[in-house]
Each structure stands twice: as C-alpha cells, then as structure tokens.
Amino acid sequence: MTLSRTRALLSLLLTIAVVSGCKDNPTIAEACVAGPKAGNPVIIVGGTFSPAIANELFLGNAIQAEGHTHCVLELKGAEELGDLPGTMNILISAGALKLFVDEVLEWSGATAVDLVGHSQGALAARAYIKDFGGAAHVGKMVSLSGPNAGVDSIPLLDFFIGPVLGAFGVDCEEVAPCVQMQIGSEFITNLNAGDMTPGDVEYFAFYTNNDELVWYWDEGPFGIPFVNYDNAKLGPGATNIEIGQMCPFRIVGHLGMIADPVPIHMTLDALAGRSISVPFFTCWLPPVII
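The opening position of the sequence shown corresponds to residue 896 in this note's numbering, with each subsequent residue numbered one higher.
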C-alpha cells in the first residue's frame, strides 16, 4: 500500500473511531516501562476482551524481567459495547497501533519496535505491518494464538455470546471483529493475500492444540472430520511452533498463551534472538489450561 493510501485509510479510520466514541490511546507513562537493555521496545497488543493488566501480569512482567523496555496496548472497544477491548473494527485497532508505535519510537529514541500480539491482537499487529507502513518500523512479530487464517464460526460465536452478544443483545454481524475473524472473511482474505509475512520482519507464530477459540473443522482420511489448529500458523515465512513440540502432553488454553510459562519462555527466546528451546523443568511447571 502506498504512503498516500495509508494516510487516507488512517484518516478515514480515525474519523470513524472518533464518531464511534473510541477512547484515546494510553499515554506512554500509562502504558510503558523503560528497561535497561538496549534494543527494540516491545509492544504487547492484547486480545479480545483483554485488559492491559491481563497482559502485564505474567507476560509483561517476564519481558520486563529480561530488561526490555515494554508497553501494553489494548485493542479498541466500541462505546455501545461497554468499551470492551476488541469490539471495534480490527483496522481501527491497527491504526491506533500505528499512532502508538510512532509515539513509542519518539519517546525511546529507537528506530523499530518488536510486537507481541495475542489472539485478535496478532491480527491488528499484522494489519499495521501490512497496511499502515509498519514493516519499516518492526523488527520481530510474535503471534500468540493469533487466528491468522481465520476461525470457524462455531467457536467464534461461542466466544462472543457470553460477554457481548448475550449481554448487549447484538448479533455477530453487529460486532465487526466477530465477522472479520471468520475463515474466508474479506478482512482475513485481504490480510493474507500475497504474503502472510511481508517485509523484513522476523515472524513467529506460537499456538496450542488445546485452544478453545482458534480451531476449525477439517477433513481427514475417508472424510472423517477432525479439529485442526493450524489456522494459527503464519505460513512458510514464519517460525511456527505448537506448544506440544516443546513440551509434549502439556495442556495450555487460549488465555494461557499470555500466562503459561512455556509460551512466555518461547516469546522471550524469540525477542532475544535465541533458538526456541524450553528447559525440561519448565515443561513440568503447573500449566495454565484456560
């Protein structure tokens, strides 16, 4: 996408966000913690319904303990849906991320950031890289259970029904991300068109075969249906690792990807440029199965 088209899209989305009552981005003081280690600041982009504290509690604190400067950014929420993070159009969250990255770069003096996106946050981060000029400002992109190829409508509707569809009396079609994250949606098709891993960004996709949200029905031998979780992968241009490849028999759920010590260790390895390798004893720590 050209610079002029990027600016036009950003301007349009910000206008929509303002009209829709979208809350401002947090300030640097509210969202960021400076660390002693040189290198790219790390921005955690939270998932659907996920407040900043949920991403800071385990994942953010682990990144801080490694010495990285890090920030946490919630997805944008629709005012009519209680400002729940991740209830506005994903492209609006991607546009907000672009503005936030610009502020972080100016504040830190760095020339690039590393992104860690959980769930829908991974899609917003990828949209920023592809459609908002982010490829020039991102070194590494880590997807934690990102629905990168879309999600089957069954788990998606189940996920939204409790906190949003039921509580606010709306249909899936009235909540933009509920439509956008579905397999075959216009958003997913455009996001994955051409190359799932554009630019010189180093991509990682970590996922779990016990995910309650990111899965779909596939067809095996003799037409036997089975649940497949490879929709969290980012294609051949990324390092794609399922949790069981590091720790066989470990059960980690969708929310556990930002709380369990195994995906957190994998994320720290990726950010540090180390080979992804989880110590044996870490595999036997109590898992976060939710």
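Here a beta-carbon is modelled for each residue, glycine too, at the ideal position from N, C-alpha and C.
Inset, instruction - Return helix, strand or coil for residue 1107, following the three-state DSSP convention. - result: Counting from 1 along the sequence shown, the entry for residue 1107 is found at position 212. Note: residue 1107 maps to coil in three-state DSSP.
Inset, instruction - Evaluate contact between the stretch 1013-1028 and the stretch 978-995, counting only Cβ atoms and requiring at least three cross-stretch pairs below 8 Å. - result: Because the criterion of three Cβ pairs below 8 Å is met, the stretch 1013-1028 and the stretch 978-995 touch.
Inset, instruction - Indicate whether the contact test is met: 3 or more Cβ pairs, each with one atom in the stretch 916-927 and one in the stretch 994-1014, closer than 8 Å. - result: Touching, per the Cβ criterion.
Inset, instruction - Please state if the CB of residue 1102 and the CB of residue 1152 are separated by a distance shorter than 9 Å. - result: What you label residue 1152 is simply residue 257 of the sequence shown in a count that begins at 1. What you label residue 1102 is simply residue 207 of the sequence shown in a count that begins at 1. Against a cut-off of 9 Å, the Cβ pair of residue 1102 and residue 1152 comes out as a contact.
Inset, instruction - Alpha carbon to alpha carbon, how far is residue 1100 from residue 1135? Give it in angstroms, no decimals. - result: Locating residue 1135 in the sequence shown gives position 240, counting from the first residue. Locating residue 1100 in the sequence shown gives position 205, counting from the first residue. Taking the straight line from one Cα to the other gives about 5 Å.
Inset, instruction - In angstroms with no decimal places, state the Cα-to-Cα distance between residue 1159 and residue 976. - result: Counted from its first residue, the sequence shown places residue 1159 at position 264. Counted from its first residue, the sequence shown places residue 976 at position 81. C-alpha separation (whole angstroms): 31 Å.
Inset, instruction - With DSSP as the reference, please indicate the residues paired to residue 1163 in a beta bridge. - result: Position 268 of the sequence shown, counted from the first residue, corresponds to residue 1163. In the DSSP output, where bridge partners are listed per residue, residue 1163 has none listed.
Inset, instruction - Return yes when the Cβ of residue 1086 is within less than 9 Å of the Cβ of residue 1046, no when it is not. - result: Position 151 of the sequence shown holds residue 1046. Position 191 of the sequence shown holds residue 1086. Cβ distance not < 9 Å, so residue 1046 and residue 1086 don't count as in contact.
Inset, instruction - Just mark residue 932 as buried or exposed, buried being the case when its beta carbon has 16 or more other beta carbons within 10 Å. - result: Here residue 932 is taken as the residue at index 37 of the sequence shown, counted from 1. Label assigned to residue 932: exposed.
Inset, instruction - Please name the residue or residues paired with residue 927 in a DSSP beta bridge. - result: The count along the sequence shown starts at 1 and reaches residue 927 at position 32. Note: residue 927 sits in a beta bridge opposite 966.
Legend entry - Cβ-based burial, residue 974 [other Cβ within 10 Å; buried from 16]: The residue you call residue 974 lines up with position 79 of the sequence shown. Label assigned to residue 974: exposed.
Inset, instruction - With a 10 Å radius around its C-beta and 16 neighbouring C-beta atoms as the bar for buried, classify residue 952 as buried or exposed. - result: Counted from its first residue, the sequence shown places residue 952 at position 57. Residue 952 is exposed by the Cβ-count criterion.
Inset, instruction - Could you check which residue in 1126, 1009, 1007 has the C-alpha nearest to that of residue 1079? - result: As a first step, residue 1079 must be located in the sequence shown, where it is residue number 184. Here the closest residue by C-alpha is 1126.
Legend entry - DSSP beta-bridge partners of residue 1037: Stepping through the sequence shown from its first residue, residue 1037 is reached at position 142. According to DSSP, which records beta bridges pairwise, residue 1037 is partnered with 1011, 1099.
Inset, instruction - To the nearest angstrom, report how far apart residue 910 and residue 1023 are at their CA atoms. - result: As a position in the sequence shown, residue 910 is number 15, starting the count at 1. As a position in the sequence shown, residue 1023 is number 128, starting the count at 1. Since pLDDT at residue 910 reaches only 49, below the 50 mark, its modelled position is unreliable, and the value read off the structure follows with that caveat. Roughly 17 Å between the two C-alpha positions.
Inset, instruction - Would you check if the distance between the CB atom of residue 1123 and the CB atom of residue 1091 is smaller than 9 Å? - result: To locate residue 1123, count along the sequence shown from 1; it is residue 228. To locate residue 1091, count along the sequence shown from 1; it is residue 196. Not closer than 9 Å, so no.
Inset, instruction - Kindly give me the distance between the Cβ atoms of residue 1039 and residue 1013, rounded to whole angstroms, as I take these residues to be in contact under 8 Å. - result: Translated into positions along the sequence shown, residue 1039 becomes position 144. Translated into positions along the sequence shown, residue 1013 becomes position 118. About 5 Å separates the CB atoms of residue 1039 and residue 1013; that is less than 8 Å, so the two are in contact.
Legend entry - Secondary structure of residue 1083, DSSP reduced to three states: Looking up residue 1083 in the sequence shown gives position 188. Looking at residue 1083 - three-state DSSP - the assignment turns out to be helix.
Legend entry - Identity of the residue in 966, 1110, 1137, 1006 nearest residue 1030 by Cα: In the sequence shown, counting from the first residue as 1, residue 1030 sits at position 135. The shortest Cα separation from residue 1030 among 966, 1110, 1137, 1006 belongs to 1006.
Legend entry - Continuous beta strand (DSSP E) stretch holding residue 1049: start and end: The residue given as residue 1049 occupies position 154 in the sequence shown. Element bounds for residue 1049: not the beta strand (DSSP E) but the alpha helix (DSSP H), 1048-1055.
Legend entry - Helix, strand or coil at residue 1137 according to DSSP, with G and I counted as helix: Locating residue 1137 in the sequence shown gives position 242, where the first residue counts as 1. In the structure shown, residue 1137 sits in a strand (DSSP, three-state: E or B).
Legend entry - Secondary structure of residue 1078, DSSP reduced to three states: Locating residue 1078 in the sequence shown gives position 183, counting from the first residue. In the three-state DSSP reduction, residue 1078 falls in the coil class, being neither helix nor strand.
Legend entry - Distance, residue 1026 Cα to residue 1094 Cα: Here residue 1094 is taken as the residue at index 199 of the sequence shown, counted from 1. Here residue 1026 is taken as the residue at index 131 of the sequence shown, counted from 1. Their backbone Cα atoms lie some 11 Å apart in a straight line.
Inset, instruction - Apply the 10 Å Cβ neighbour rule to residue 1120 and answer buried if 16 or more other Cβ atoms are within range, or exposed otherwise. - result: By one-based count along the sequence shown, residue 1120 stands at place 225. Exposed, because fewer than 16 other Cβ atoms sit within 10 Å of the Cβ of residue 1120.
Legend entry - is_contact[residue 1134, chain B] using C-beta, thresh 9 Å: In summary, chain B is missing from the structure at hand, where a single protein chain is found.
Legend entry - Supposed contact pair residue 1105 and residue 1147 - C-beta distance, whole angstroms, cut 8 Å: Taking the sequence shown and counting its residues from 1, the one referred to as residue 1147 is at position 252. Taking the sequence shown and counting its residues from 1, the one referred to as residue 1105 is at position 210. Rounded, the Cβ-Cβ distance is 6 Å, consistent with contact.
Legend entry - Cut-off 7 Å between Cβ atoms - residues of its own chain near residue 1155, not counting five sequence neighbours on either side: Position 260 of the sequence shown holds residue 1155. Cβ within range, chain order: 1147, 1182, 1183.
Legend entry - Candidates 1113, 1009, 1002: closest to residue 1096 by CA position: As a first step, residue 1096 is located in the sequence shown; it is residue number 201 there, counting from the start. Out of 1113, 1009, 1002, 1009 has the C-alpha closest to the C-alpha of residue 1096.
Legend entry - C-alpha distance - residue 1163 paired with residue 954, whole-angstrom precision: As a working mapping, residue 1163 is identified with position 268 in the sequence shown. As a working mapping, residue 954 is identified with position 59 in the sequence shown. Each residue's Cα considered, the two are about 9 Å apart.
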